[in-house]
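Here is the structure we will look at.
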Amino acid sequence: MTDLEDVRRRVETLESIEQIKKLKARYFRFVDEKRHDEFAALFTPDAVLITDGIEWSSPQEMASTVRNLTGAAPSVHHGHMPEIDVAGDSASGIWAMQDLLTFPAADDAPEGHIGYGQYRETYRRAAGEWLIASLVLTRFRMDPLANWVVDDDADLLG
Numbered sequence: 001m002t003d004l005e006d007v008r009r010r011v012e013t014l015e016s017i018e019q020i021k022k023l024k025a026r027y028f029r030f031v032d033e034k035r036h037d038e039f040a041a042l043f044t045p046d047a048v049l050i051t052d053g054i055e056w057s058s059p060q061e062m063a064s065t066v067r068n069l070t071g072a073a074p075s076v077h078h079g080h081m082p083e084i085d086v087a088g089d090s091a092s093g094i095w096a097m098q099d100l101l102t103f104p105a106a107d108d109a110p111e112g113h114i115g116y117g118q119y120r121e122t123y124r125r126a127a128g129e130w131l132i133a134s135l136v137l138t139r140f141r142m143d144p145l146a147n148w149v150v151d152d153d154a155d156l157l158g
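Numbering of the sequence shown is given in UniProt numbering, commencing with residue 1 and proceeding in unit increments.
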């Protein structure tokens, strides 16, 4: 391999890593902005999705559950310290994560929490675009938070 070919390969790898970072940034932002259809579009149609041991049958099912569970309740999702390895049109990544979730207060509502954990993911490039092909979220710790009381006059996203 010539020096020029090596530089080209390294630049392409770095560009792929940056595109995957943007993909994951959109994942967190779309959840928090309640953009569920756009969230579902970040995944391959056959994506394998597991969050805290729950396996989802499709990206649409996962997005719909998030929509139904949280409604307009505020959430905050962060991903940190990505470790991304690229091999052609496939890649893998590990992300440290923190999330803050509260749910509309109801007798059957899950308890709100601040969660800390890790995403382990794979990615696939199709038609020049990186998508999430698999996702396993494991929370290592969850600290309880009081749930959110609905204020019909609030506009959370202004």
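C-beta: ideal position from N, C-alpha, C; glycine also.
Per-residue burial, residue i [other beta carbons within 10 Å of its own, 16 or more giving buried]
i	result
residue 140	exposed
residue 4	exposed
residue 1	exposed
residue 115	buried
residue 42	buried
residue 49	buried
Cα-Cα separation, residue i to residue j
i	j	result
residue 15	residue 22	11 angstroms
residue 77	residue 84	19 angstroms
residue 61	residue 13	32 angstroms
residue 99	residue 88	31 angstroms
residue 24	residue 97	11 angstroms
residue 51	residue 65	12 angstroms
residue 106	residue 146	11 angstroms
residue 46	residue 20	18 angstroms
residue 11	residue 86	12 angstroms
residue 108	residue 56	21 angstroms
residue 68	residue 34	11 angstroms
residue 32	residue 79	13 angstroms
residue 9	residue 54	38 angstroms
residue 137	residue 7	34 angstroms
residue 26	residue 117	19 angstroms
Check whether residue i and residue j have beta carbons under 9 angstroms apart
i	j	result
residue 236	residue 94	Since the displayed the chain opens at 1 and closes at 158, residue 236 lies outside it and no answer follows.
residue 102	residue 74	yes
residue 123	residue 131	yes
residue 72	residue 39	no
residue 127	residue 44	no
residue 17	residue 133	no
For residue i, the residue or residues it bridges with in DSSP
i	result
residue 112	145
residue 83	94
residue 117	97, 139
residue 28	DSSP, once it has assigned bridges, lists no residue as partnering residue 28.
Whole-Å CB distance - residue i paired with residue j, under 8 angstroms assumed
i	j	result
residue 113	residue 144	6 angstroms
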